[in-house]
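So the sequence shown is residues 3 to 127, counted in the working numbering.
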Amino acid sequence: MSKPVLEPSTEHPITITPTQGRVVVRVNGEVVAETRAALQLQESTLPAVQYIPFDDVVQGLLSRTDTSSYCPYKGEASYYSVTTAAGETVEDAIWTYEQPYPAVAAIGGHVAFYPNKAEISIEPD
């Protein structure tokens, strides 16, 4: 059975805009990502999500997991755990849509962090 593919609409809008300022992500107090090129995705009434370019995340801290999920608006998501320099691992702290659906193609090459697993701050320029 194929999975449903849905398009954003007035009933379920999705907007993607450049984030103004610098986004810093910390896991257990350690900076794991920093960028001025984040994208903010606002989906319907859900909280806004910061999508960070994958290249702006400290690569050596990441390990891909077997976790996956599906969003009918965005596609298949893959997950990563973060292990800090102190050796603390936070499982599935990051998700990414490696081949996002066309309506949200801008988030390709970006990752997002769960706000209950990382501290995400936006600092004005």
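Using N, Cα and C, we set each Cβ at its ideal position, and we do this for glycine too.
Treat the numbers as computed from the prediction; the structure is a model and nothing was measured.
With residue i and residue j assumed to form a contact (beta carbons below 8 Å), what rounded beta-carbon distance in angstroms separates them?
i              : j            : result
tyrosine 53    : valine 113   : 7 Å
alanine 39     : valine 27    : With a Cβ gap of about 13 Å, alanine 39 and valine 27 do not count as contacting.
serine 70      : serine 80    : 6 Å
isoleucine 122 : leucine 43   : Not quite, the Cβ-Cβ distance comes to about 13 Å (not below 8 Å), so this is no contact.
glutamate 32   : threonine 86 : 5 Å
threonine 37   : proline 55   : 6 Å
tyrosine 75    : valine 25    : Tyrosine 75 to valine 25, Cβ: 22 Å. No contact.
Which same chain residues, not among the five before or five after residue i, have their C-beta less than 7 Å away from its C-beta?
i            : result
aspartate 23 : Note that residue 23 corresponds to glycine in the displayed sequence, not to aspartate. Excluding sequence neighbours, glycine 23 sits near Ile124, Glu125, Pro126, Asp127.
glycine 77   : Tyr99, Gln101, Pro102, Tyr103
glycine 111  : Pro55, Phe56
Check the DSSP bridge columns for residue i and list the partner residues they point to.
i              : result
isoleucine 124 : Val25
alanine 35     : Val27, Val59
tyrosine 99    : DSSP lists no partner for tyrosine 99.
threonine 19   : Gln42
leucine 64     : Val84
valine 92      : Val84
serine 4       : DSSP, once it has assigned bridges, lists no residue as partnering serine 4.
Output needed for residue i: all residues of its chain with C-beta closer than 6 Å, excluding positions within five of it in sequence on either side, in chain order.
i            : result
lysine 119   : Val92, Ala95
valine 51    : Leu43, Ala114
glutamate 45 : Ile16
Following the continuous beta strand (DSSP E) through residue i, name the residue where it begins and the one where it ends.
i             : result
histidine 112 : 112-115
leucine 43    : 41-45
proline 55    : 51-55
tyrosine 82   : 77-85
Would you say residue i faces chain B, with C-beta separation under 9 Å as the test?
i             : result
glutamine 101 : Looking at the structure shown, chain B is missing, and only one protein chain is on hand.
Excluding five sequence neighbours on each side, which residues of the same chain lie with their C-beta closer than 8 Å to the C-beta of residue i?
i          : result
proline 49 : Pro117
alanine 88 : Asn30, Glu32
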